[in-house]
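Here is the structure we will look at, set down as structure tokens.
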Amino acid sequence: MNDQTATRLIAAGDVHLQPVEVTVIDGLDRGLSAVIGEGTLKIGTSPGNPMRLTDPTVSRIHCEISPVPGGVRVVDAGSTNGTYVDGHRVRDVDVGSGTTIRIGATTLRVIVGDDSIELPLSPRERFGSLVGSSVAMRRVYSILERTAPSHATVLLQGETGTGKELVARAIHDASRRAQGPFIAIDCGAIAPTIIESELFGHVRGAFSGAVNDRRGLFEEAHAGTLFLDEIGELPIALQAKLLRVLETFEVRRVGSNSVRKVDVRVVAATNRPLAPAVNEGAFREELYYRLAVVEILLPPLRARREDIPQLAAHFCAQLTGDTSMPSPDFVSTLMTRSWPGNVRELRNFIERQVTLGGGELAASSRRAPARLLPSGIDAFVPVDMPMKQARDAWIAEFEGAYARALLKRTNGNVTRAAEIADVSRRFLQRLMIRVGMRVEGAPATDDDD
Numbered sequence: 006m007n008d009q010t011a012t013r014l015i016a017a018g019d020v021h022l023q024p025v026e027v028t029v030i031d032g033l034d035r036g037l038s039a040v041i042g043e044g045t046l047k048i049g050t051s052p053g054n055p056m057r058l059t060d061p062t063v064s065r066i067h068c069e070i071s072p073v074p075g076g077v078r079v080v081d082a083g084s085t086n087g088t089y090v091d092g093h094r095v096r097d098v099d100v101g102s103g104t105t106i107r108i109g110a111t112t113l114r115v116i117v118g119d120d121s122i123e124l125p126l127s128p129r130e131r132f133g134s135l136v137g138s139s140v141a142m143r144r145v146y147s148i149l150e151r152t153a154p155s156h157a158t159v160l161l162q163g164e165t166g167t168g169k170e171l172v173a174r175a176i177h178d179a180s181r182r183a184q185g186p187f188i189a190i191d192c193g194a195i196a197p198t199i200i201e202s203e204l205f206g207h208v209r210g211a212f213s214g215a216v217n218d219r220r221g222l223f224e225e226a227h228a229g230t231l232f233l234d235e236i237g238e239l240p241i242a243l244q245a246k247l248l249r250v251l252e253t254f255e256v257r258r259v260g261s262n263s264v265r266k267v268d269v270r271v272v273a274a275t276n277r278p279l280a281p282a283v284n285e286g287a288f289r290e291e292l293y294y295r296l297a298v299v300e301i302l303l304p305p306l307r308a309r310r311e312d313i314p315q316l317a318a319h320f321c322a323q324l325t326g327d328t329s330m331p332s333p334d335f336v337s338t339l340m341t342r343s344w345p346g347n348v349r350e351l352r353n354f355i356e357r358q359v360t361l362g363g364g365e366l367a368a369s370s371r372r373a374p375a376r377l378l379p380s381g382i383d384a385f386v387p388v389d390m391p392m393k394q395a396r397d398a399w400i401a402e403f404e405g406a407y408a409r410a411l412l413k414r415t416n417g418n419v420t421r422a423a424e425i426a427d428v429s430r431r432f433l434q435r436l437m438i439r440v441g442m443r444v445e446g447a448p449a450t451d452d453d454d
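Quick note on the numbering used here: the sequence shown kicks off at 6 and runs consecutively.
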């Protein structure tokens with residue numbers, strides 16, 4: 006891309022917000038108000054909400070309201086009775102000053118103030134292994150710069166593939182604990198029967214197979230950082246024990262009567278919002294608020310498309326050692342895709358092209374990337390079916406062929422196959438069940454991670 010076509014970056018300090026006043030104008034809590042500057046106002050009946058209501062038709066965490074450039078963002082948090090704007094139920098919408106919002110039997114009004122609040126943006130184009138110079142990412146960097154040196158517990162929220170573990174690692178590396186261990190655990194990939202032992206350890210004889218004392222991950226992460234990925238998958242019975250550890254920083258090994266002090270910073274992550282789980286009773290609200298001391302929402306790739314050329318160059322350099330920009334045609338192709346798998350999908354796509362195309366991504370190359378499908382495949386396209394049905398059928402065939410080939414390559418080792426596919430072990434097990442392959446000890450549900 007040349008200088009004439011490149012989009013100008015918004016300089017730090019160019020983005021401003023206006024404070025928003027939220028007032029209850031009808032309902033049991035009429036007259037209650039709150040002002041939001043930078044950040045998000047959670048509204049509901051939970052004691053942890055900055056705006057706590059007493060209306061019994063309002064959920065524990067009902068909705069979230071935050072200032073955005075030019076207006077107000079309203080997000081329903083998976084409430085029971087819904088959030089309504091102008092009579093229409095909304096999930097996520099931007100509104101203007103003076104808008105009325107109905108939640109349960111309560112009506113709110115939002116008023117945008119006249120003052121201007123400068124939105125802090127970092128001048129960085131990278132933070133640790135994170136890459137991107139968009140406003141969305143520089144906003145994240147600004148929060149990380151202020152958060153990393155502290156001891157605060159952090160909750161990362163974002164879609165699959167947005168780089169939550171990279172953010173956790175970046176927080177650790179930029180903290181005073183950088184010389185200590187960084188331990189990561191996927192709470193959704195470990196059987197509920199053993200996850201307590203994984204986290205807190207056990208003593209000999211605590212259960213069948215416990216032949217020795219064993220330290221848990223909290224003890225392993227002493228003086229460092231423990232990253233709890235997919236925290237929303239943690240069994241409800243174990244959440245109370247985790248909450249106690251976060252409050253006392255004492256762990257009790259399974260089967261032991263004594264406690265051990267630990268010095269650990271916790272960073273948790275989820276690809277699904279926790280507020281709906283709190284409302285459903287599937288996640289303890291006390292634990293949610295204890296984890297969300299600092300809450301960071303990572304933007305999906307579609308919300309920072311201007312970072313795609315920079316990310317492409319970064320991944321190409323990692324994979325090939327060539328620091329030149331990828332060809333304009335290749336970058337143009339990347340810009341047209343939706344990337345539902347976010348940065349992880351982008352990296353995997355580029356790695357596949359590098360592997361199959363023999364380094365054809367360099368700017369000096371004029372050749373098209375290698376085809377993934379063999380010539381003559383057009384003859385097998387089911388053109389007698391509608392496109393959606395044909396696509397679904399092909400995807401089902403591909404998933405079966407991919408799973409079988411992958412397991413053949415790893416001699417049936419599901420854990421190794423999941424690592425190669427860059428998915429969780431549980432996700433691969435569910436895929437195998439879906440395509441009719443037998444899996445020992447696989448989960449019974451078909452929900453995707």
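In this text, a Cβ means the ideal position worked out from N, Cα and C, and glycines have one as well. Nothing here was measured: the structure is a model prediction, and the numbers come from that model.
Bridge partners of Thr-275 according to DSSP: Gln-162. The C-beta of His-177 has 16 or more other C-beta atoms within 10 Å across all chains shown, which makes the residue buried. Taking all protein chains in view, the Cβ of Asp-234 is crowded by 16 or more other Cβ atoms within 10 Å, so the residue is classified as buried. With a beta-carbon spacing of about 7 Å, Val-115 and Ile-106 fall inside the 8 Å limit used to define contacts.
Taking Val-348 as the centre and dropping the five residues before and after it, the same chain places the C-beta of Gly-166, Thr-167, Gly-168, Leu-306, Leu-316 closer than 8 Å to its C-beta, in chain order.
The three-state reading of DSSP puts His-227 in coil, since its state is none of H, G, I, E or B. Here DSSP, grouped into helix, strand and coil, assigns Glu-43 to coil.
According to DSSP, residue pairing for Phe-232 in a beta bridge involves Ala-189, Val-272. Under the three-state reduction of DSSP, Met-142 is assigned to helix. At the C-beta level, Thr-88 and Asp-99 stay beyond 8 Å of one another. The criterion of a C-beta distance shorter than 8 Å is not satisfied by Ala-141 and Ala-274. When secondary structure is reduced to three states using DSSP, Met-442 falls in the coil class, being assigned neither helix nor strand. Every unbroken stretch of the beta strand (DSSP E) spanning 3 or more residues and falling wholly within the segment 31-93 is given here in chain order: 38-41, 46-49, 68-73, 76-81, 88-90. Burial is judged here by how many other beta carbons sit within 10 angstroms of a residue's own beta carbon; Lys-413 has fewer than 16 and is exposed.
A straight line joining the alpha-carbon of Glu-150 with that of Gly-42 spans about 20 Å. Per the C-alpha coordinates, the member of Ile-70, Ser-147, Cys-321 positioned closest to Thr-45 is Ile-70. With distances taken between CA atoms, Glu-26 lies nearest to Asp-119 out of Ser-180, Leu-243, Asp-119. Asn-418 is classed as exposed because its beta carbon has fewer than 16 other beta carbons within 10 Å across all chains shown. Between the segment 226-242 and the segment 125-143 there are fewer than three inter-stretch CB-CB distances shorter than 8 Å, so the stretches are not counted as touching.
Taking the Cα positions, Val-264 is about 52 Å away from Gly-75. Around the Cβ of Pro-314, a 10 Å sphere holds 16 or more other Cβ atoms; the residue is buried.
The residue from Leu-113, Asn-284, Gly-214, Thr-158 with its alpha-carbon nearest to that of Phe-232 is Thr-158. In this model, Ile-199 and Ala-395 are separated by some 42 Å (Cα to Cα). Annotated as proximal: His-207 and Val-259, with beta-carbon spacing under 8 Å. Secondary structure of Gly-210 (DSSP, three-state): coil. Around Arg-310, the same chain offers Met-340 as residues with beta carbons nearer than 7 Å, after the five sequence neighbours per side are excluded. For Pro-154, the closest C-alpha among the options Leu-292, Ala-245, Ile-236, Arg-270 is that of Arg-270. Counted as a single uninterrupted DSSP element, the alpha helix (DSSP H) harbouring Leu-248 occupies residues 241-253. Straight through space, the alpha carbons of Val-440 and Ala-406 are spaced by roughly 9 Å.
Setting aside the 5 residues that flank it on each side, Ile-236 is surrounded in the same chain by Cys-192, Ala-273, Thr-275, each with a C-beta closer than 6 Å to its C-beta; the list follows chain order.
When DSSP reads this structure, His-21 sits in a beta bridge with Glu-123. Just measuring C-alpha positions, the residue of Gly-229, Pro-304, Thr-104 sitting nearest Arg-144 is Pro-304.
Between the C-alpha atoms of Gly-101 and Met-392 there is a straight-line separation of about 40 Å. Our two residues, Ser-51 and Arg-249, have alpha carbons roughly 19 Å apart in a direct line. With distances taken between CA atoms, Ile-148 lies nearest to Ile-301 out of Gly-326, Ile-301, Leu-279, Glu-404.
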